[in-house]
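The block underneath contains the structure these notes are about, expressed in structure tokens.
Protein chains: 2
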Amino acid sequence: MTRAEQKERTRQAIINAAFSQLSAEKGFASLSLREVAREAGIAPTSFYRHFADMDELGLTLVDEAGLMLRQLMRQARLRIEKHGSVISTSVETFMEFVAENSNVFRLLLRERSGTSAAFRAAVAREIQHFCAELAHYLRKQTQCPPELAQLQAEAMVTLVFHTGADALDAPREHYPQLTRRTIMQLRWLAHGAASYGRKQPD
Amino acid sequence: MTRAEQKERTRQAIINAAFSQLSAEKGFASLSLREVAREAGIAPTSFYRHFADMDELGLTLVDEAGLMLRQLMRQARLRIEKHGSVISTSVETFMEFVAENSNVFRLLLRERSGTSAAFRAAVAREIQHFCAELAHYLRKQTQCPPELAQLQAEAMVTLVFHTGADALDAPREHYPQLTRRTIMQLRWLAHGAASYGRKQPD
DNA sequence: TAAATTGGCGTACAGTTGTAAGCTCAAAGT
DNA sequence: ACTTTGAGCTTACAACTGTACGCCAATTTA
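Chains Y and S are the protein sequences, given in the same order.
Numbering (the UniProt record's numbering) for the first sequence: 1 to 202.
Numbering (the UniProt record's numbering) for the second sequence: 1 to 202.
What follows is the structure, given as structure tokens:
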């Protein structure tokens, strides 16, 4: 099995090379097959032994990023069970993720509105997990109808993601304020949705 | 003045060419100077008589887009004064804008999280106008402290923009639903902010 | 009217890109 | 032990990129 092992190793080398070349100034679209191959330590044409396309690589990266997001969710769930407060714990956990994996988050952020419909769809799917998970919590906590919880979760995730985007361009010392502001926004949302739901359960 | 007139004319030709080449599949980053020049009907090297850089062109496009946004705001203001409901009128007006100027909106959307810090800053500035304007209305209507109105306005604009992004990938017949859902989210936000502001005017 | 300015053009060059064709050679399969 | 497979390489090519340089011709200025 040394054969398949080696293959997997260089495949990872390609993926890592791609991730490492992403930055604030360089998006996936401006990566070149040759550069990636160079950093991965293989000949340009060898790239094709692993991916048919740069696009295929890109989708792999998005998948990988989605995986990390789901790990993040698991971590948040644990923290919530211990610490209690859903909103603030979630936001804080998310901000840590952005701080420590800015390249990964940037990828998601950019490809969400990028030029490839397939990429956009892939990112949307990953984010959908987030929303569903959050909606689950909300329904458990507020006992509101599922559709309402879903809509509320989407709004919350939108706000949190947007704050993450801001964070990418902000110095680290602004993070606490960004976090506080976002928590406030989410509380408004929760509060408003709860009382609206009570008044008109339409 | 026929001289400066001609110059302005081809300058506009370049700008129009650039806008027309933007699409769902092609972002500004993947425009080439040569292609733009070709469509504008000039030689590649003549491009430099008008812009030092593709970046300079890009910033011009963002400015132009910002201008259209501000016209949109003016239109929304008029409609609100006539029709009353701030939230639904604003969202509806915005959705019309997205539908009729999708390329322009896409530009803003993409460059907001694009690879150029200057572009990101330019887009952020344009959106800031939006928020300030909305905050003004909110303060007038709810008489809450300025900082609170600002935060609320930012949340609202974030949600509306995000819906606009969704609209770009959705068939036209989904627009009414997108609009309805967004209005709901904004009402929650307004409601929650109002009652939170009453309880703890911190 | 003469001189200066300048928008636009053509040519040219060096660099980079994706990828096709064919080779090597070690591992895997028989 | 022999054959097949396949990851990786080298070479090669055609397409395209941005832009430097110098010329032209028409408008503007003096």
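Idealized CB from N, CA, C, for every residue including glycine.
Here the structure is a predicted model, which is why all the values come from computation and not from measurement.
Ranked by Cα distance from Ala76/S, the first of Val62/S, Val91/S and Arg180/S is Val91/S. Note on geometry: alpha-carbon atoms of Thr10/Y and Gln21/Y lie some 16 Å from one another.
By the 16-neighbour rule on beta-carbons within 10 angstroms, Leu78/Y is exposed. For Ala194/S, the closest of Phe94/S, Leu151/S and Pro171/S by C-alpha to C-alpha distance is Leu151/S.
Considering only Phe94/S, Ser113/S, Thr115/S and Glu126/S, the residue with the shortest C-alpha distance to Tyr175/S is Phe94/S.
Spatial neighbours of Val160/Y in its own chain (CB-CB distance under 7 Å, excluding positions within 5 residues in sequence) are listed in chain order as Val91, Phe94 and Thr182. Interface flag for Ala65/Y against chain S is unset, since no Cβ pair is found closer than 8 Å.
In terms of Cβ geometry, Leu31/Y and Met68/Y do not form a close pair [threshold 8 Å]. Against chain Y, a Cβ distance below 8 Å from Arg120/S picks out Asp169. Around Ala99/Y, the same chain offers Ala167, Arg172 and Tyr175 as residues with beta carbons nearer than 8 Å, after the five sequence neighbours per side are excluded. Secondary structure of Phe161/Y (DSSP, three-state): helix.
One thing to note: Gly58/S has its Cβ no nearer than 8 Å to the Cβ of Phe105/S.
From the beta-carbon of Met184/S, the residues of chain Y found nearer than 7 Å are Leu151. Glu25/Y has a beta carbon lying within less than 8 Å of a beta carbon in chain S. Counting along the chain, Asp63/Y sits inside the alpha helix (DSSP H) bounded by residues Met54 to His83. For Cys131/S, the uninterrupted alpha helix (DSSP H) run begins and ends at Ala117 to Thr142, by DSSP. Contact between Leu61/S and Leu107/S holds: CB atoms are separated by about 6 Å, below the 8 Å threshold.
Exclusion of the five residues before and after Glu35/S leaves Gln21 as the residues of its chain whose Cβ lies within less than 7 Å of its Cβ.
When Cβ-Cβ separations below 8 Å define contact, Gly58/S makes no contact with chain Y. Closest by C-alpha distance to Ala65/S, out of Arg187/S, Gln141/S, Asn101/S and Arg139/S, is Asn101/S. Taking the Cα of Ala121/S as reference, the smallest distance to any Cα among Pro146/Y, Asp169/Y and Arg125/Y is reached at Asp169/Y.
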